[in-house]
Each structure stands twice: as C-alpha cells, then as structure tokens.
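Undergrad: When the letters of the sequence shown are read in order and numbered with this note's numbering, they come out as residues 3 to 269.
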Amino acid sequence: MMQGKSWYFSRNGRVEGPFSEAQLIERVSSGEGYSVWNLTLAKWIPARAWLDTLSANQADFNPTPRVSSDPQMMTNNFDKTNSNQNQVQAAKRKSVPVVNDPVAQFKLQWAKMEKRHLQERKALLNEWMKIKRNSAQAVQAVCSEKPRAVDSKSVKMKAPSVQARSTKVTAPTAKPMQRPSLQQNNVRTLPVNTAQTAVSEQASAKSEPDNISAMDQEIRLTQSRVEELQKSLQQLSQSPSVATASSLASDDDMMKRVARRRRRRAR
3 MMQGKSWYFS RNGRVEGPFS EAQLIERVSS GEGYSVWNLT LAKWIPARAW LDTLSANQAD
63 FNPTPRVSSD PQMMTNNFDK TNSNQNQVQA AKRKSVPVVN DPVAQFKLQW AKMEKRHLQE
123 RKALLNEWMK IKRNSAQAVQ AVCSEKPRAV DSKSVKMKAP SVQARSTKVT APTAKPMQRP
183 SLQQNNVRTL PVNTAQTAVS EQASAKSEPD NISAMDQEIR LTQSRVEELQ KSLQQLSQSP
243 SVATASSLAS DDDMMKRVAR RRRRRAR
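#1: Measure the Cβ-Cβ separation of residue 30 and residue 38 and say whether it is below 8 Å.
#2: For residue 219 and residue 232, what's the separation of their Cα atoms in angstroms?
#3: Determine the closest residue to residue 47 out of 20, 12 and 134, with distance taken between C-alpha atoms.
#4: Between the C-alpha atoms of residue 252 and residue 222, what's the straight-line distance to the nearest angstrom?
#5: Under three-state DSSP, which class holds residue 21?
#6: Is it buried or exposed for residue 130, if we count other Cβ within 10 angstroms and need 16 for buried?
#7: In whole angstroms, what is the alpha-carbon distance linking residue 216 and residue 229?
#8: Once you ignore the five residues that flank residue 52 on each side, which residues in its own chain have a CB closer than 6 Å to its CB?
#9: Give the straight-line distance between the Cα atoms of residue 278 and residue 146, rounded to the nearest whole angstrom.
#10: Got a sec? Which residues, its chain only, sit under 8 Å from residue 258 by beta carbon, not counting five neighbours each side?
#11: Would you kindly work out how many angstroms separate the C-alpha atoms of residue 121 and residue 115, rounded to a whole number?
#12: According to DSSP, is residue 269 helix, strand or coil?
#13: Hey, out of 80, 74 and 106, whose CA is closest to residue 26's CA?
#14: Strictly by DSSP, which residues pair up with residue 47?
#15: Am I right that residue 24 and residue 83 are in contact with their C-beta atoms under 8 Å? What's the rounded C-beta distance?
#16: What does the alpha-carbon distance come out to for the pair residue 262 and residue 144?
#17: Determine the direct distance from the alpha carbon of residue 234 to that of residue 240, and round the result to whole angstroms.
#18: Which of the three DSSP states, helix, strand or coil, is assigned to residue 253?
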C-alpha cells in the first residue's frame, strides 16, 4: 500500500510500516508470508507475486543484494529502484479510472487549470513582445526620418528670401510721379478699376505693419543681445582671471537659444 511516499505491507494479518520502497523490496524478498497492497485490484496480494509482476514490468530491475560491501553501490541501487517504481506506479495510476476519489479528481482539475493558465500566460507574453517589437521599429523609423526633414539646402534657400523681404521693407522704392492723361481720366470713372486699386492699397497697408513689427522684434532682440554681450565684456574686463566654466557655459547656452530663435523664424 502506498500512502504519500511511504509503503505498508502485511504479514500474518498484521500491517507494518511505513517503509521506503527500497526497504519494502528488501523485506519482501527476504522472507515468505508477506503481502502487498495493490492499488489496481484494491486488495492484498502475495509479495512473491508482486515481485514477479514488478520484474516483468521492468526489464532493468535488479534486486538489491542482502549484503553489500560497497555502500555507494547500495545507495545507487536503492535510488534506481525507487525511480523505476515511481514511474511504474505513476503509469498505473494514470491507467486506472478515477471513481469516487475526490483527492485524485482535485489533482486532475488542478493540473488542467495550471496547464490552461500557463498557455494563457505564454500567449500574453508573446503578444506583449510583439507590441514592444513593433513600437521599437516605429520609433526607429521616426528617428531615421527626422534628419531628412531638416535639409541644409532648404535652410540655405530660405535665408535669401528673408533678407530680400527685409530689404524691401527697409528700403521701399519711390514711384515716379506721372502726369495724368486723357485716357487715365477716362479709366478713373470706371467703378471696377477703382475698387481693385482700393483693395490692393488696403492689402499693401496691412502687409507693411506686419513686416515692420517683425523687423522691430528682430531689432529689439539684437539690441538685447548687444547689451548682454556688453555686460559680459565689462565683467570679463573687471575680473579677467575669474572667467569660470559656468560663465562660458551660460554664454554658450545663450548663443544656442538665439540660434534656435533664428531657426524658428526662418521656418
């Protein structure tokens, strides 16, 4: 009889145990009159018949010698016998149908539930790894496309247009006065031409203040930058030996900010 990892046997109507499997085999093989509990048949069977069936089911079964001079060999034989017996008993338990055994039913249900949970965890892990890989590829694609968006040629082509606009605003060309002719007097009486000229004048009047305000902002920024540079020069002239790394870093940061503003305006 097997209960947990202990074995019981009967001799002359008296149940003895618990013993390990190796001890059970040694005791049963040492004498007659022993009986062993069979789980499949649910009854006591003679120990000699149990040993015969065990040796028939296991081709590599070697009975443990009664006297052994080598303790290591003895322990190895015991371990081998125990492992083989456990495999045989597990196969028998699987083949026997579970009838009115709540413990076995609970174990089967628990094993099924653990298997299902393991499959669900594996599926979730695979899905998470797929999402992570896709996000990494998307970020890599965006990072590879960012340098293409800002091209040095486009920046170089934009700079002259800003300068041309500023020169037009700062130095407007004066239109020469013309003497009105008879044809021009006739054209002035037409309402369509007068409306078009009025609209064009209003548009030019609106565009000029915007350009002037942009130029004023640039002038203020340059003036503030000049004042800051003058202050820094005064400080350096007063204490030339105290030009530390912090002041140089602040000047560098200031120059970077000014360059950033200019790039934003150029865009």
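Glycine residues also receive a C-beta, built at the ideal position from the N, C-alpha and C atoms.
TA: Well, looking at it:
#1: Within the sequence shown, the letter at position 28 stands for residue 30. Within the sequence shown, the letter at position 36 stands for residue 38. In this structure, residue 38 lies closer than 8 Å to residue 30 by Cβ.
#2: In the sequence shown, residue 219 corresponds to position 217, counting from 1. In the sequence shown, residue 232 corresponds to position 230, counting from 1. Straight-line Cα distance between these residues: approximately 20 Å.
#3: For the purposes of this step, residue 47 is taken as residue 45 along the sequence shown, with counting starting at 1. Nearest C-alpha to residue 47: 12.
#4: Position 250 of the sequence shown, counted from the start, is the residue given in the question as residue 252. Position 220 of the sequence shown, counted from the start, is the residue given in the question as residue 222. Their Cα atoms are separated by approximately 21 Å.
#5: Indexing the sequence shown from 1 puts residue 21 at position 19. In this structure, residue 21 counts as strand in the three-state DSSP scheme.
#6: Position 128 of the sequence shown holds residue 130. Exposed.
#7: Counting from 1 along the sequence shown, the entry for residue 216 is found at position 214. Counting from 1 along the sequence shown, the entry for residue 229 is found at position 227. Spanning the two alpha carbons is a distance of roughly 20 Å.
#8: Counting from one through the sequence shown, the residue named residue 52 turns up at place 50. If we look at residue 52 and ignore the five residues flanking it on each side, its Cβ neighbours are 38.
#9: Residue 278 falls outside the range modelled here, since the chain spans only 3 to 269, and no answer is possible.
#10: Looking up residue 258 in the sequence shown gives position 256. The answer is none, since no qualifying residue turns up.
#11: One-based indexing of the sequence shown puts residue 121 at position 119. One-based indexing of the sequence shown puts residue 115 at position 113. Taking the straight line joining both Cα atoms gives about 10 Å.
#12: Numbered from its first residue, the sequence shown carries residue 269 at position 267. Coil at residue 269, not helix or strand.
#13: Indexing the sequence shown from 1 puts residue 26 at position 24. Closest option to residue 26, Cα to Cα, is 80.
#14: As a position in the sequence shown, residue 47 is number 45, starting the count at 1. Residue 47 is bridged to 38.
#15: Against the sequence shown, residue 24 aligns to sequence position 22. Against the sequence shown, residue 83 aligns to sequence position 81. That belief holds up - the Cβ atoms of residue 24 and residue 83 are roughly 6 Å apart, short of 8 Å.
#16: As a first step, residue 262 must be located in the sequence shown, where it is residue number 260. As a first step, residue 144 must be located in the sequence shown, where it is residue number 142. Using only the alpha carbons, I get a separation of about 22 Å.
#17: Numbered from its first residue, the sequence shown carries residue 240 at position 238. Numbered from its first residue, the sequence shown carries residue 234 at position 232. The alpha-carbon atoms of residue 240 and residue 234 are separated by roughly 10 Å.
#18: Locating residue 253 in the sequence shown gives position 251, counting from the first residue. Three-state result, residue 253: helix.
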